[in-house]
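Residue numbers (the working numbering), protein chains in the order written: chain E, 3 to 155; chain H, 173 to 345.
Everything below concerns the one structure shown next.
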Amino acid sequence: METVLHGVAIYVFLVLVFRLIGKRSLGDVTTFDFVLLLIIGESTQQALLGEDYSLTNAALMIVTLVGLDVGLSLVKQRFPRLERWLEDLPLVLVENGKPLRERLDKVRVGEDDILESARRLQGLERMEQIKYAVLERNGDITIIPAARPSGPA
Amino acid sequence: MGSTAGVGELEIEQDLAFTRRSWRIKRMAWVAMLLVALAGLLGLFGTMGPASQGRAGDVATRGLSIDYPRFARSLAPATLTVHVGPQWVRHGEIRLRLGRTLLAACRIESLTPEPEQTFLGPDHLLYVFPTSPGLDPPREVEVHLQPQRAGFAAGWIEVPGGPRLRFTTFVYP
């Protein structure tokens, strides 16, 4: 019985913690995030199995966790209004070349993060070339480039 | 500037009201996490720290006292330290009774020092520790426990013919 309870408790706890610490901590694979993920993985391992190393315990735990995952996706399907609480909503960070200061500060994204995405995704060089920069639900920053002015420069 | 339908020409589901509310909630969550970390440092979640150590009894007046953990964690080591006064050393040995209620929740891993004999009583275990003659040594017996499940664990320790000290530990899962 403890296995199932532990599995549910840790799953819910982790979902809650990751949901609350903000998207950027997951979307960006810097050294810090890597270390964080590594240590979190190690920390939960012991708590999940305790002193019971049997096959039954492991299988039960896996079934519980997978069941929770499926259950959660069914809940999301059934109650679409819940999806924004579970998955968050996108947020526009740059509009027509102008970075929206307050939002950038609140989500702890810097202009250099936006420019990096602009370079990587669109090959853009400057902030003015960005029409929209959006912080997506999973922490990625997507870029819509500004339309090129047509005609002789 | 933004509504659920879109932003300018961008067809996107953005909801500023919702996003601002979630920022507020996240801020409160960070404060809560900080408080949890502080509570852990203070020993409210067990093992070490000022809040986690409790003491019952008094060696000076009653000849028996115990240092016990107010908070412990399931499957993590916990130690009970019993201090015995000189008046309870009889015939070169110390006898301690440990109530069996503790065993319902905890496993006794070891005792320091190891008792010479262990007797099974109706509701307790009786340990006999021989002592060496001479000047007053610190008469401490450590009981190393491992709580097996979460919840309240209650127990008692007494010297035959002497005071009985009760204690309660809350075991976190």
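Glycine included, each C-beta is placed from N, C-alpha and C at the ideal position.
These figures come from a predicted structure and were not determined experimentally.
Do we get a CB-CB distance below 9 Å when we pair residue i with the residues of chain H?
| i | result |
| --- | --- |
| Val14 of chain E | no |
| Gly52 of chain E | yes |
| Asn98 of chain E | yes |
| Ala148 of chain E | no |
| Ala11 of chain E | yes |
| Pro92 of chain E | yes |
| Leu22 of chain E | yes |
| Lys78 of chain E | no |
| Tyr55 of chain E | no |
| Arg122 of chain E | no |
| Val136 of chain E | yes |
| Arg86 of chain E | yes |
Does residue i have its Cβ less than 9 Å from a Cβ in chain E?
| i | result |
| --- | --- |
| Phe190 of chain H | yes |
| Met173 of chain H | Here Met173 of chain H scores only 44 on pLDDT, less than 50, and its place in the model is too uncertain to base an answer on. |
| Gln225 of chain H | no |
| Glu281 of chain H | no |
| Pro312 of chain H | Contrary to the premise, residue 312 of chain H reads as Glu rather than Pro in this sequence. No, its Cβ sits nowhere closer than 9 Å to a Cβ of chain E. |
| Gly180 of chain H | yes |
| Ala277 of chain H | no |
| Pro345 of chain H | yes |
| Ala213 of chain H | First, the residue type needs correcting, since residue 213 of chain H is Leu and not Ala in the sequence shown. Closer than 9 Å: no. |
| Ala325 of chain H | no |
| Ile184 of chain H | yes |
Are residue i and residue j touching if we call contact CB-CB under 9 Å?
| i | j | result |
| --- | --- | --- |
| Leu317 of chain H | Trp328 of chain H | no |
| Arg103 of chain E | Leu93 of chain E | no |
| Leu292 of chain H | Ala325 of chain H | no |
| Gln320 of chain H | Leu214 of chain H | no |
| Lys78 of chain E | Leu70 of chain E | no |
| Ile225 of chain E | Leu16 of chain E | Absent from the structure is residue 225 of chain E, since the part of chain E shown begins at 3 and ends at 155. |
| Asp239 of chain H | Gly271 of chain H | no |
| Leu91 of chain E | Phe190 of chain H | yes |
| Glu97 of chain E | Val179 of chain H | yes |
If you drop the 5 nearest sequence neighbours on each side, which residues of the same chain put their C-beta closer than 7 Å to that of residue i?
| i | result |
| --- | --- |
| Gly334 of chain H | Gly235, Leu236 and Trp260 |
| Ala49 of chain E | His8 and Ile12 |
| Glu288 of chain H | Val300, Phe301 and Pro302 |
My assumption, with CB atoms under 8 Å, is that residue i sits in contact with residue j. Please give the rounded CB distance.
| i | j | result |
| --- | --- | --- |
| Arg242 of chain H | Pro332 of chain H | With a Cβ gap of about 27 Å, Arg242 of chain H and Pro332 of chain H do not count as contacting. |
| Val343 of chain H | Ala244 of chain H | 5 Å |
| Ala201 of chain H | Leu22 of chain E | 4 Å |
| Asn59 of chain E | Thr5 of chain E | 5 Å |
| Gly52 of chain E | Arg110 of chain E | That belief does not hold up - the Cβ atoms of Gly52 of chain E and Arg110 of chain E are roughly 36 Å apart, past 8 Å. |
I'd like the list of long-range same chain contacts for residue i, defined as Cβ closer than 8 Å, with 5 residues on each side in sequence excluded.
| i | result |
| --- | --- |
| Gly323 of chain H | Ala277, Phe342 and Val343 |
| Thr290 of chain H | Leu297, Leu298, Tyr299 and Val300 |
| Gly174 of chain H | Low per-residue confidence applies at Gly174 of chain H: pLDDT is 43, beneath 50, and the placement is therefore not dependable, though the value from the model is reported in the following sentence. The residues are Gln186, Asp187 and Leu188. |
| Glu113 of chain E | Pro101, Leu106 and Met129 |
Can you find the residues in the same chain that come closer than 6 Å, C-beta to C-beta, to residue i, ignoring five residues on each side of it along the sequence?
| i | result |
| --- | --- |
| Met129 of chain E | Gly99 |
| Thr46 of chain E | Ile12 |
| Leu216 of chain H | Ala223 |
task: Write down every uninterrupted run of the alpha helix (DSSP H) in the region 6-40 of chain E whose length is 4 residues or greater and which is fully enclosed by it, in chain order.
output: 26-29
Inset, instruction - Could you pull out every unbroken beta strand (DSSP E) segment of at least 3 residues lying fully inside the region 50-114 of chain E, listed in chain order? - result: 93-97
query: Which full runs of the alpha helix (DSSP H) of 4+ residues lie inside the region 236-309 of chain H, going along the chain?
result: 273-277
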